[in-house]
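For reference, the structure discussed in these notes is given below.
Numbering (the numbering used here), first residue to last: 16 to 380.
Shown next, in the form of C-alpha coordinates:
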(Lines of atoms letter the chains of each structure in order from A and count residues from 1; the text may use other names and numbers.)
(Lines give C-alpha, C1' and ligand atoms only; values in the text may rest on other atoms or scores of the structure.)
Protein backbone atom coordinates (compact mmCIF):
# COMPACT_ATOMS: atom_id res chain seq x y z
CA UNK A 1 0.00 0.00 0.00
CA UNK A 2 0.93 3.63 -0.33
CA UNK A 3 3.75 5.17 1.58
CA UNK A 4 3.04 8.25 3.65
CA UNK A 5 5.05 11.30 4.49
CA UNK A 6 6.00 12.22 8.01
CA UNK A 7 8.65 14.21 9.88
CA UNK A 8 11.00 11.28 9.55
CA UNK A 9 10.65 11.16 5.76
CA UNK A 10 13.93 11.82 3.99
CA UNK A 11 16.06 10.93 7.03
CA UNK A 12 18.14 7.83 7.67
CA UNK A 13 15.26 5.50 8.46
CA UNK A 14 14.09 2.14 7.19
CA UNK A 15 10.44 2.82 6.36
CA UNK A 16 10.90 2.47 2.59
CA UNK A 17 12.68 -0.87 2.94
CA UNK A 18 10.16 -2.05 5.53
CA UNK A 19 7.26 -1.34 3.16
CA UNK A 20 9.03 -3.26 0.41
CA UNK A 21 9.44 -6.18 2.83
CA UNK A 22 5.70 -5.98 3.65
CA UNK A 23 4.82 -5.96 -0.06
CA UNK A 24 7.05 -9.01 -0.59
CA UNK A 25 5.28 -10.83 2.25
CA UNK A 26 1.99 -10.26 0.46
CA UNK A 27 3.59 -11.28 -2.84
CA UNK A 28 5.03 -14.60 -1.62
CA UNK A 29 1.89 -15.45 0.32
CA UNK A 30 -0.21 -15.05 -2.80
CA UNK A 31 2.36 -16.85 -4.94
CA UNK A 32 2.07 -19.93 -2.76
CA UNK A 33 -1.72 -19.84 -2.90
CA UNK A 34 -1.82 -19.42 -6.68
CA UNK A 35 0.57 -22.33 -7.12
CA UNK A 36 -1.50 -24.56 -4.84
CA UNK A 37 1.10 -24.57 -2.08
CA UNK A 38 0.34 -23.99 1.62
CA UNK A 39 1.02 -20.42 2.63
CA UNK A 40 3.54 -19.89 5.42
CA UNK A 41 1.92 -19.15 8.78
CA UNK A 42 3.08 -17.67 12.07
CA UNK A 43 2.82 -20.37 14.71
CA UNK A 44 -0.29 -22.35 15.65
CA UNK A 45 -2.59 -19.30 15.42
CA UNK A 46 -2.41 -19.41 11.64
CA UNK A 47 -1.48 -15.78 10.88
CA UNK A 48 -0.43 -16.00 7.24
CA UNK A 49 2.55 -14.38 5.57
CA UNK A 50 0.37 -12.17 3.40
CA UNK A 51 -1.57 -10.97 6.46
CA UNK A 52 1.68 -10.14 8.25
CA UNK A 53 2.54 -7.88 5.32
CA UNK A 54 -0.86 -6.17 5.57
CA UNK A 55 -0.51 -5.62 9.31
CA UNK A 56 2.92 -4.02 8.85
CA UNK A 57 1.47 -1.72 6.18
CA UNK A 58 -1.38 -0.56 8.44
CA UNK A 59 0.89 -0.10 11.48
CA UNK A 60 3.40 2.03 9.58
CA UNK A 61 0.64 3.93 7.81
CA UNK A 62 -1.05 4.81 11.11
CA UNK A 63 2.23 6.09 12.53
CA UNK A 64 3.25 8.20 9.54
CA UNK A 65 -0.21 9.53 8.67
CA UNK A 66 -0.70 10.64 12.30
CA UNK A 67 2.57 12.57 12.05
CA UNK A 68 1.36 14.12 8.81
CA UNK A 69 -1.93 15.18 10.43
CA UNK A 70 -0.09 16.70 13.42
CA UNK A 71 2.11 18.70 11.05
CA UNK A 72 -0.78 19.85 8.82
CA UNK A 73 -4.05 19.56 10.78
CA UNK A 74 -6.31 21.43 8.37
CA UNK A 75 -8.84 18.87 7.06
CA UNK A 76 -8.79 20.11 3.45
CA UNK A 77 -5.01 19.84 3.23
CA UNK A 78 -4.95 16.46 4.96
CA UNK A 79 -7.58 15.02 2.63
CA UNK A 80 -5.91 16.49 -0.46
CA UNK A 81 -2.61 14.89 0.55
CA UNK A 82 -4.22 11.49 1.07
CA UNK A 83 -6.16 11.64 -2.20
CA UNK A 84 -3.05 12.57 -4.18
CA UNK A 85 -1.10 9.71 -2.63
CA UNK A 86 -3.66 6.91 -3.03
CA UNK A 87 -5.89 7.65 -6.01
CA UNK A 88 -3.51 8.30 -8.94
CA UNK A 89 -1.72 4.97 -8.47
CA UNK A 90 -4.99 3.09 -7.97
CA UNK A 91 -6.59 4.66 -11.04
CA UNK A 92 -3.56 3.85 -13.20
CA UNK A 93 -3.59 0.27 -11.89
CA UNK A 94 -7.30 -0.14 -12.67
CA UNK A 95 -6.72 1.12 -16.21
CA UNK A 96 -3.75 -1.24 -16.64
CA UNK A 97 -5.74 -4.25 -15.42
CA UNK A 98 -8.60 -3.50 -17.81
CA UNK A 99 -6.11 -3.20 -20.70
CA UNK A 100 -4.38 -6.43 -19.64
CA UNK A 101 -7.76 -8.12 -19.47
CA UNK A 102 -8.48 -7.03 -23.03
CA UNK A 103 -5.26 -8.70 -24.14
CA UNK A 104 -5.82 -12.05 -22.41
CA UNK A 105 -9.62 -12.43 -22.24
CA UNK A 106 -11.17 -15.51 -23.80
CA UNK A 107 -14.11 -13.41 -25.01
CA UNK A 108 -14.19 -11.77 -28.43
CA UNK A 109 -12.81 -8.19 -28.20
CA UNK A 110 -16.20 -6.62 -28.81
CA UNK A 111 -17.87 -8.72 -26.14
CA UNK A 112 -15.17 -7.81 -23.60
CA UNK A 113 -15.16 -4.06 -24.23
CA UNK A 114 -18.94 -3.78 -24.33
CA UNK A 115 -19.45 -5.89 -21.22
CA UNK A 116 -20.69 -3.79 -18.29
CA UNK A 117 -18.42 -5.71 -15.90
CA UNK A 118 -15.35 -4.36 -17.68
CA UNK A 119 -16.30 -0.75 -17.05
CA UNK A 120 -17.58 -1.52 -13.56
CA UNK A 121 -14.12 -2.86 -12.72
CA UNK A 122 -12.49 0.34 -13.98
CA UNK A 123 -14.92 2.66 -12.18
CA UNK A 124 -14.89 0.80 -8.87
CA UNK A 125 -11.12 0.29 -8.98
CA UNK A 126 -10.44 3.97 -9.55
CA UNK A 127 -13.05 5.18 -7.04
CA UNK A 128 -11.95 2.68 -4.30
CA UNK A 129 -14.68 3.58 -1.81
CA UNK A 130 -17.50 2.86 -4.26
CA UNK A 131 -18.74 -0.63 -3.23
CA UNK A 132 -18.45 -3.40 -4.07
CA UNK A 133 -14.77 -3.82 -4.91
CA UNK A 134 -14.62 -5.59 -8.30
CA UNK A 135 -11.95 -8.26 -8.57
CA UNK A 136 -12.94 -10.10 -11.77
CA UNK A 137 -13.05 -9.16 -15.44
CA UNK A 138 -15.13 -11.08 -18.01
CA UNK A 139 -13.25 -14.01 -19.51
CA UNK A 140 -9.97 -13.07 -17.74
CA UNK A 141 -7.92 -15.68 -15.85
CA UNK A 142 -10.88 -18.05 -15.70
CA UNK A 143 -8.39 -20.94 -15.70
CA UNK A 144 -6.57 -19.67 -12.59
CA UNK A 145 -7.11 -21.06 -9.11
CA UNK A 146 -9.01 -17.83 -8.46
CA UNK A 147 -10.31 -15.74 -11.34
CA UNK A 148 -9.43 -12.49 -9.55
CA UNK A 149 -7.40 -9.99 -11.60
CA UNK A 150 -5.91 -8.03 -8.69
CA UNK A 151 -6.98 -9.27 -5.27
CA UNK A 152 -4.91 -6.90 -3.04
CA UNK A 153 -6.89 -3.81 -4.07
CA UNK A 154 -9.67 -4.88 -1.65
CA UNK A 155 -7.67 -3.46 1.29
CA UNK A 156 -7.43 0.08 -0.12
CA UNK A 157 -10.93 0.99 1.04
CA UNK A 158 -9.96 0.17 4.62
CA UNK A 159 -6.86 2.33 4.32
CA UNK A 160 -9.01 5.27 3.24
CA UNK A 161 -11.55 4.64 6.01
CA UNK A 162 -8.70 4.65 8.53
CA UNK A 163 -7.62 8.06 7.21
CA UNK A 164 -11.14 9.40 7.67
CA UNK A 165 -11.36 7.94 11.17
CA UNK A 166 -8.05 9.53 12.15
CA UNK A 167 -9.17 12.88 10.78
CA UNK A 168 -12.41 12.63 12.79
CA UNK A 169 -10.45 11.91 15.99
CA UNK A 170 -8.06 14.77 15.25
CA UNK A 171 -10.93 17.20 14.63
CA UNK A 172 -12.65 16.02 17.82
CA UNK A 173 -9.47 16.59 19.83
CA UNK A 174 -9.01 20.04 18.36
CA UNK A 175 -12.59 21.08 19.13
CA UNK A 176 -12.21 19.97 22.76
CA UNK A 177 -8.75 21.49 23.06
CA UNK A 178 -7.14 18.22 24.18
CA UNK A 179 -4.18 16.26 22.95
CA UNK A 180 -5.04 13.53 20.43
CA UNK A 181 -3.43 10.87 22.62
CA UNK A 182 -6.52 10.35 24.80
CA UNK A 183 -9.02 9.89 21.94
CA UNK A 184 -6.53 7.57 20.26
CA UNK A 185 -6.22 5.45 23.41
CA UNK A 186 -10.00 5.26 23.66
CA UNK A 187 -10.29 4.42 19.95
CA UNK A 188 -7.63 1.69 20.15
CA UNK A 189 -9.27 0.10 23.21
CA UNK A 190 -12.74 0.16 21.64
CA UNK A 191 -11.44 -1.37 18.41
CA UNK A 192 -9.50 -4.02 20.35
CA UNK A 193 -12.56 -5.01 22.38
CA UNK A 194 -14.68 -5.05 19.23
CA UNK A 195 -12.14 -7.26 17.45
CA UNK A 196 -11.99 -9.66 20.40
CA UNK A 197 -15.76 -9.95 20.41
CA UNK A 198 -15.85 -10.38 16.64
CA UNK A 199 -13.40 -13.26 16.51
CA UNK A 200 -14.83 -14.89 19.64
CA UNK A 201 -18.57 -14.69 19.07
CA UNK A 202 -19.28 -13.03 15.74
CA UNK A 203 -20.11 -15.06 12.63
CA UNK A 204 -17.38 -15.55 10.04
CA UNK A 205 -17.63 -13.03 7.17
CA UNK A 206 -19.17 -14.36 3.99
CA UNK A 207 -16.44 -15.10 1.44
CA UNK A 208 -17.84 -12.72 -1.17
CA UNK A 209 -18.55 -9.92 1.29
CA UNK A 210 -15.10 -10.36 2.86
CA UNK A 211 -13.38 -8.86 -0.19
CA UNK A 212 -16.08 -6.90 -1.97
CA UNK A 213 -17.85 -4.91 0.75
CA UNK A 214 -16.81 -3.23 3.97
CA UNK A 215 -17.35 -5.66 6.86
CA UNK A 216 -16.88 -5.37 10.60
CA UNK A 217 -14.18 -8.03 10.89
CA UNK A 218 -11.73 -6.28 8.57
CA UNK A 219 -12.66 -2.79 9.73
CA UNK A 220 -11.97 -3.75 13.35
CA UNK A 221 -8.66 -5.53 12.82
CA UNK A 222 -7.17 -3.04 10.36
CA UNK A 223 -8.57 -0.08 12.31
CA UNK A 224 -7.12 -1.44 15.56
CA UNK A 225 -3.63 -1.74 14.08
CA UNK A 226 -3.81 1.63 12.30
CA UNK A 227 -5.07 3.37 15.46
CA UNK A 228 -2.30 1.76 17.53
CA UNK A 229 0.26 3.06 15.02
CA UNK A 230 -1.25 6.54 15.27
CA UNK A 231 -1.14 6.33 19.07
CA UNK A 232 2.53 5.35 18.86
CA UNK A 233 3.13 8.60 16.97
CA UNK A 234 1.13 10.64 19.50
CA UNK A 235 3.07 9.63 22.63
CA UNK A 236 5.78 12.09 23.50
CA UNK A 237 8.83 10.05 24.47
CA UNK A 238 10.60 6.73 24.16
CA UNK A 239 9.52 5.67 27.66
CA UNK A 240 5.85 5.99 26.69
CA UNK A 241 6.51 3.99 23.54
CA UNK A 242 8.24 1.31 25.62
CA UNK A 243 5.19 1.13 27.88
CA UNK A 244 2.92 0.61 24.89
CA UNK A 245 5.18 -2.16 23.62
CA UNK A 246 5.20 -3.85 27.05
CA UNK A 247 1.40 -3.68 27.27
CA UNK A 248 1.04 -5.46 23.93
CA UNK A 249 3.70 -8.01 24.86
CA UNK A 250 1.86 -8.70 28.13
CA UNK A 251 -1.37 -9.20 26.18
CA UNK A 252 0.39 -11.93 24.21
CA UNK A 253 2.08 -13.57 27.20
CA UNK A 254 -0.81 -13.39 29.67
CA UNK A 255 -3.80 -13.64 27.35
CA UNK A 256 -6.45 -16.00 28.76
CA UNK A 257 -7.75 -17.11 25.36
CA UNK A 258 -6.30 -17.86 21.92
CA UNK A 259 -8.36 -14.96 20.55
CA UNK A 260 -6.71 -12.52 22.95
CA UNK A 261 -3.29 -13.93 22.09
CA UNK A 262 -4.03 -13.40 18.41
CA UNK A 263 -5.09 -9.79 19.05
CA UNK A 264 -1.94 -9.24 21.08
CA UNK A 265 0.25 -10.57 18.27
CA UNK A 266 -1.44 -8.25 15.80
CA UNK A 267 -0.82 -5.29 18.09
CA UNK A 268 2.75 -6.39 18.74
CA UNK A 269 3.39 -5.85 15.02
CA UNK A 270 2.93 -2.12 15.67
CA UNK A 271 5.93 -1.33 17.93
CA UNK A 272 8.12 -3.90 16.16
CA UNK A 273 7.40 -2.45 12.72
CA UNK A 274 7.68 1.17 13.75
CA UNK A 275 10.91 0.76 15.70
CA UNK A 276 12.51 -1.02 12.75
CA UNK A 277 11.21 1.76 10.50
CA UNK A 278 12.53 4.52 12.78
CA UNK A 279 15.98 2.96 12.89
CA UNK A 280 18.67 3.11 10.15
CA UNK A 281 18.84 -0.71 10.21
CA UNK A 282 17.62 -1.20 6.61
CA UNK A 283 18.56 2.23 5.28
CA UNK A 284 20.38 2.40 1.96
CA UNK A 285 21.02 5.49 -0.15
CA UNK A 286 21.40 3.20 -3.17
CA UNK A 287 17.92 1.79 -2.62
CA UNK A 288 16.39 5.20 -1.91
CA UNK A 289 17.65 6.44 -5.28
CA UNK A 290 15.08 4.16 -6.93
CA UNK A 291 12.21 5.81 -5.07
CA UNK A 292 9.51 4.07 -3.07
CA UNK A 293 8.29 1.11 -5.10
CA UNK A 294 6.19 -0.52 -2.37
CA UNK A 295 2.78 0.80 -3.46
CA UNK A 296 3.36 -0.11 -7.09
CA UNK A 297 4.68 -3.52 -6.11
CA UNK A 298 1.59 -4.07 -3.98
CA UNK A 299 -0.75 -3.07 -6.81
CA UNK A 300 0.89 -4.82 -9.77
CA UNK A 301 2.23 -8.04 -8.26
CA UNK A 302 -0.99 -10.05 -8.31
CA UNK A 303 -1.92 -9.61 -12.00
CA UNK A 304 1.67 -10.50 -12.94
CA UNK A 305 1.54 -13.55 -10.68
CA UNK A 306 -1.69 -14.85 -12.18
CA UNK A 307 -0.33 -14.14 -15.66
CA UNK A 308 2.85 -16.11 -14.91
CA UNK A 309 1.03 -19.05 -13.32
CA UNK A 310 -1.56 -19.37 -16.10
CA UNK A 311 0.41 -18.40 -19.22
CA UNK A 312 3.98 -19.68 -18.75
CA UNK A 313 4.67 -23.28 -19.83
CA UNK A 314 3.98 -25.79 -17.07
CA UNK A 315 7.59 -26.93 -17.03
CA UNK A 316 8.76 -23.56 -15.71
CA UNK A 317 8.16 -24.50 -12.09
CA UNK A 318 7.35 -22.51 -8.98
CA UNK A 319 10.56 -20.49 -8.62
CA UNK A 320 10.79 -19.56 -12.29
CA UNK A 321 7.19 -18.34 -12.20
CA UNK A 322 7.94 -16.42 -9.01
CA UNK A 323 11.00 -14.74 -10.52
CA UNK A 324 9.14 -13.83 -13.72
CA UNK A 325 6.18 -12.36 -11.82
CA UNK A 326 8.35 -10.40 -9.39
CA UNK A 327 10.53 -9.02 -12.18
CA UNK A 328 7.52 -7.84 -14.19
CA UNK A 329 5.87 -6.36 -11.10
CA UNK A 330 9.09 -4.55 -10.21
CA UNK A 331 9.27 -2.95 -13.65
CA UNK A 332 5.62 -1.86 -13.43
CA UNK A 333 6.18 -0.51 -9.90
CA UNK A 334 9.12 1.56 -11.15
CA UNK A 335 7.01 2.94 -14.00
CA UNK A 336 4.17 3.71 -11.60
CA UNK A 337 6.53 5.57 -9.27
CA UNK A 338 8.20 7.52 -12.05
CA UNK A 339 5.20 8.54 -14.12
CA UNK A 340 2.27 8.48 -11.67
CA UNK A 341 3.11 8.47 -7.97
CA UNK A 342 6.10 10.82 -7.84
CA UNK A 343 4.42 13.51 -9.99
CA UNK A 344 1.37 13.28 -7.70
CA UNK A 345 3.59 13.61 -4.64
CA UNK A 346 5.23 16.69 -6.11
CA UNK A 347 1.81 18.17 -6.73
CA UNK A 348 0.87 17.36 -3.14
CA UNK A 349 3.92 19.04 -1.66
CA UNK A 350 3.52 22.04 -3.98
CA UNK A 351 -0.09 22.48 -2.87
CA UNK A 352 0.81 22.19 0.81
CA UNK A 353 3.71 24.61 0.47
CA UNK A 354 1.41 27.11 -1.27
CA UNK A 355 -1.16 26.80 1.52
CA UNK A 356 1.41 26.75 4.33
CA UNK A 357 4.52 28.73 3.36
CA UNK A 358 6.26 27.71 6.57
CA UNK A 359 5.69 24.02 6.00
CA UNK A 360 8.78 21.99 5.22
CA UNK A 361 7.75 19.43 2.65
CA UNK A 362 9.64 16.17 2.90
CA UNK A 363 9.78 13.84 -0.06
CA UNK A 364 9.34 10.13 0.50
CA UNK A 365 11.84 9.33 -2.24
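In this text, a Cβ means the ideal position worked out from N, Cα and C, and glycines have one as well.
Since this is a predicted model, take the numbers as computed values, not measurements.
- Just measuring C-alpha positions, the residue of 284, 273, 152, 136 sitting nearest residue 146 is 136.
- In the structure shown, the three-state DSSP call for residue 327 is coil.
- Note that the C-beta distance between residue 150 and residue 128 is not below 8 Å.
- Collapsing the DSSP output to three states places residue 148 in coil.
- Rounded to whole angstroms, the gap between the alpha carbons of residue 165 and residue 192 is 43 Å.
- In this structure, residue 282 and residue 236 do not form a Cβ contact; the two beta carbons are roughly 10 Å apart against a cut-off of 8 Å.
- As a beta-bridge residue in DSSP terms, residue 57 pairs with 62.
- With respect to residue 153, residue 120 sits close: the two C-beta atoms are nearer than 8 Å.
- Taking residue 67 as reference, the option from 92, 36, 327 with the minimal CA-CA separation is 36.
- In summary, residue 101 is buried, with 16 or more beta-carbon neighbours lying within 10 Å of its beta-carbon over all protein chains present.
- Here residue 90 has 182, 186 as same chain residues with Cβ atoms under 7 Å from its own Cβ, once five neighbours each way along the sequence are excluded.
- A contact is defined here as three or more CB-CB pairs under 8 Å, and the region 342-362 fails this definition with respect to the region 69-77.
- Distance from residue 313 to residue 41 at the Cβ level is roughly 6 Å; contact confirmed, criterion being Cβ atoms closer than 8 Å.
- Here residue 138 is exposed, its C-beta having fewer than 16 other C-beta atoms within 10 Å.
- Residue 218 and residue 125 have their alpha carbons spaced roughly 42 Å apart.
- Beta-carbon to beta-carbon, residue 104 and residue 311 are separated by about 7 Å, close enough to satisfy the 8 Å threshold.
- Remark: C-beta atoms of residue 28 and residue 299 do not approach each other more closely than 8 Å.
- In the three-state DSSP reduction, residue 299 falls in the coil class, being neither helix nor strand.
- Per DSSP, reduced to three states, the secondary structure at residue 255 is helical.
- Annotated three-state conformation of residue 121 is coil, per DSSP.
- When the five nearest sequence neighbours on each side are left out, the beta carbons in the same chain lying within less than 7 Å of the beta carbon of residue 54 are those of 44, 47, 48, 63, 64, 65, in order along the chain.
- Secondary structure at residue 108: helix, using DSSP grouped into helix, strand and coil.
- Burial state of residue 261 is exposed, judged by a 10 Å Cβ sphere holding fewer than 16 other Cβ atoms.
- The region 184-228 is shown to contain whole alpha helix (DSSP H) runs of 4 or more residues at 196-215, 222-227, in chain order.
- By alpha-carbon distance to residue 32, the top candidate from 333, 301, 111, 199 is 301.
- Restricting attention to 259, 80, 249, 272, the CA atom closest to the CA of residue 98 is found in 80.
- The C-alpha of residue 274 is placed about 17 Å away from the C-alpha of residue 234.
- A check of alpha carbon separations from residue 69 across 285, 200, 331, 87 identifies 285 as the nearest.
- Residue 272 carries a coil assignment under DSSP once its states are collapsed to helix, strand and coil.
- Its chain contains 140, 141 as the residues whose beta carbon lies nearer than 8 Å to that of residue 106, once the 5 sequence neighbours on both sides are disregarded; these appear in chain order.
- The region 340-354 and the region 315-323 touch, with three or more beta-carbon pairs separated by less than 8 Å.
- The three-state secondary structure of residue 98, taken from DSSP, is helix.
- Taking the Cα positions, residue 244 is about 44 Å away from residue 328.
- Of 175, 277, 249, the smallest CA-CA separation from residue 198 is found for 249.
- Here residue 354 is exposed. Its C-beta has fewer than 16 other C-beta atoms within 10 Å.
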